[in-house]
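Residue numbers (our numbering): 41 to 664.
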């Protein structure tokens, strides 16, 4: 099309250009009609009428000439259309056919307008996403609510969110119990429960109960804003296949010029040569990859997959080795109560009430797991008057003059001066003991369980050519091998430091493997950066891991790994279809134009059919 410029991917800028072009085309059309009417009324003043039409032709063609000249200095394939159309218009002008020189660019501009409207681009996706952001926040200060701009919120501010409202910031629930629709961020349709101690995200929707939320991230650092930035970065990227297409399109231009020249030489019909130049505009080929990539990126974002660069969509097809971190990646990343072991004579509910009394107010993962478990049991517990957390040992709390303890056995027995069986506490499992100031009450065991979908996710990615699945963990051998065996991985490497993970990735690459690393923590950053494709788990993951990854998964489900491979495969197939059809269509139209079977005007109209097919074919992926 006449306006497929280097700014194609930035649809906002291109839309502004189109507005100018559209206005220019309307102006030219008015002058064209005026000139033709003037010629009909005053046939003796033919030169004046032709002058009016010439003004129309120059007005609508001048921007095309400018881009055509730009193409002489900037050899991007996107300028080839302008160059070919410029030659066609100039040829028509030399022949004195200013009507054709006017109508052709008008048709092309309107065709490009229709083309732009036929597919949702990244900018539209970003705009739609931004609409989800709350327009205001209810800041709670001194017991009263004030409406403020969410961008003005600071860390530790407390905000109120009512049912039906969009949560204005990333934060921690302080008070309230509700269900949250996280689909805009994670792509998951099933609402999740939120209660005190649970993190929530800006852009998600409160469905049922009033919440008081303590802000934990500045507006610029919210997961919502990170998603927007990732989409914007992806929009500006180019996949390798785009560069290949552009390279070969550089050979296409002299080929078309040669065909047009031969046509003119053999037929002595400049109209045929003009038609060849018009119909040869390679818009379908130029759009073959970008249209598919845009549709793929939009589809990925809808499913909670944020791709930083379109190049990684292609690299996925070559991955043969996938390496997983353990904690927070193949596991849920949070401790859960696995079993409760009260000592003889101790009621289980009494044990849990005491544990919750100590854990309330603590942010330690063990404490969080206990509070969540007690909450799920519907057990009411007392909030202590004082509480003190001792790093590496446990938590002590006081209530109504009595002391309570939660933590390591050797610390508790020292605090309350108890002698115990030396075999107590000798376990590789994660556990804490609970006690009051006089006695031990019992032990609570925890586990970080594998994600329920993890085995299925591994089985699915093997179907896409992944030959080797590896588990790397800093955990001890017993825990690591248990998880690895349950998931059916091929290799299990335990007690890994960050440098060990990096070395393992590099060794695999030196062996000729294409490596994907999936992780979520600070200790995964080096491996994520070094791998061919680095996948970060955003939910609960560190900012450093996300920054060093190539693709970010916002969804809790790792079944999206298989969806990524599927999307990569379909994107390649659609691009190949677009190239095949685009090339075939162009060659067919060139043949028809050379034979004199189509006129310049028909060529200008038919020229739009190829890009329309490419756009519609690519748009099919938006339904995935």
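Backbone N, C-alpha and C define an ideal beta-carbon position, used for all residues, glycine too.
Keep in mind the model is a prediction, meaning the values are calculated, not measured.
- The DSSP assignment places 388 to 399 and 405 to 417 as complete runs of the alpha helix (DSSP H) inside the segment 371 to 425, in order along the chain (cut-off: 4 residues).
- DSSP, read as helix, strand or coil, puts residue 638 in coil.
- In this structure, the CA atom of residue 501 is about 11 angstroms from the CA atom of residue 357.
- A Cβ-Cβ distance of about 6 angstroms is found for the pair residue 199 and residue 208, placing them in contact under the 8 angstroms criterion.
- DSSP links residue 427 through a beta bridge to 437.
- At the C-beta level, residue 428 and residue 436 come within 7 angstroms of one another.
- Contact between the segment 335 to 352 and the segment 533 to 545 is not established, with fewer than three Cβ pairs separated by less than 8 angstroms.
- Residue range 565 to 570 is occupied by the alpha helix (DSSP H) that includes residue 566, with no beta strand (DSSP E) assigned at that position.
- The C-beta distance from residue 568 to residue 557 rounds to 5 angstroms, short enough to fall under 8 angstroms.
- Comparing C-alpha distances from residue 222 to each of 503, 241 and 438 shows the shortest one belongs to 241.
- Taking residue 592 as reference, the option from 608, 574, 606 and 644 with the minimal CA-CA separation is 574.
- The continuous beta strand (DSSP E) containing residue 254 extends over residues 251 to 255.
- Residue pairing by DSSP places residue 181 opposite 184 in a beta bridge.
- From the listed residues 244, 177, 498 and 620, the smallest Cα separation to residue 369 is found for 498.
- Taking the CA atoms as reference points, residue 545 sits about 14 angstroms from residue 563.
- As computed with DSSP, residue 557 is found in a beta bridge with 363 and 574.
- Per DSSP, the unbroken alpha helix (DSSP H) holding residue 542 starts and ends at 538 to 550.
- Buried is the label assigned to residue 570, since at least 16 other Cβ atoms lie within 10 Å of its Cβ.
- Judged by their CB atoms, residue 254 and residue 211 are nearer to each other than the 7 angstroms cut-off.
- Pairing residue 476 with residue 444 gives a Cβ-Cβ distance under 7 angstroms.
- For residue 444, no alpha helix (DSSP H) encloses it; the enclosing beta strand (DSSP E) starts and ends at 442 to 447.
- Annotation: the continuous alpha helix (DSSP H) that includes residue 315 extends over 310 to 319.
- Partner residues in the beta bridge of residue 476, as assigned by DSSP, are 444.
- According to the DSSP assignment, residue 207 belongs to no alpha helix (DSSP H), since it is labelled neither H nor E.
- Contact fails between the segment 300 to 310 and the segment 612 to 622, because fewer than three Cβ pairs, one in each stretch, are under 8 angstroms apart.
- Excluding sequence positions up to five before and after residue 126, its CB lies within less than 6 angstroms of the CB of 104, 105 and 108, all in the same chain and listed in chain order.
- Distance from the CA of residue 456 to the CA of residue 394, rounded to the nearest whole angstrom, comes to 16 angstroms.
- Within its own chain, the residues whose Cβ lies closer than 6 angstroms to the Cβ of residue 407, once the five positions on either side in sequence are excluded, are 399, listed in chain order.
- Straight across, the Cα-Cα distance linking residue 291 with residue 627 is about 14 angstroms.
- The segment 640 to 652 makes contact with the segment 308 to 325; the number of CB pairs closer than 8 angstroms reaches 3 or more.
- In the structure shown, residue 234 adopts extended strand secondary structure according to DSSP, grouped into three states.
- Around the beta carbon of residue 561, 16 or more other beta carbons lie within 10 angstroms, which makes this residue buried.
- Taking 7 angstroms as the cut-off, the Cβ atoms of residue 320 and residue 129 do not count as close.
- Sequence-distant Cβ neighbours of residue 446 in its own chain, meaning closer than 7 angstroms and more than five residues away, are 395, 398, 399, 434, 435, 472 and 474.
- By the criterion of a C-beta distance shorter than 6 angstroms, residue 483 is surrounded in its chain by 381, 471 and 473, once the five residues flanking it on both sides are discounted.
- Residue 663 counts as exposed, since fewer than 16 other C-beta atoms from the protein chains shown sit within 10 angstroms of its C-beta.
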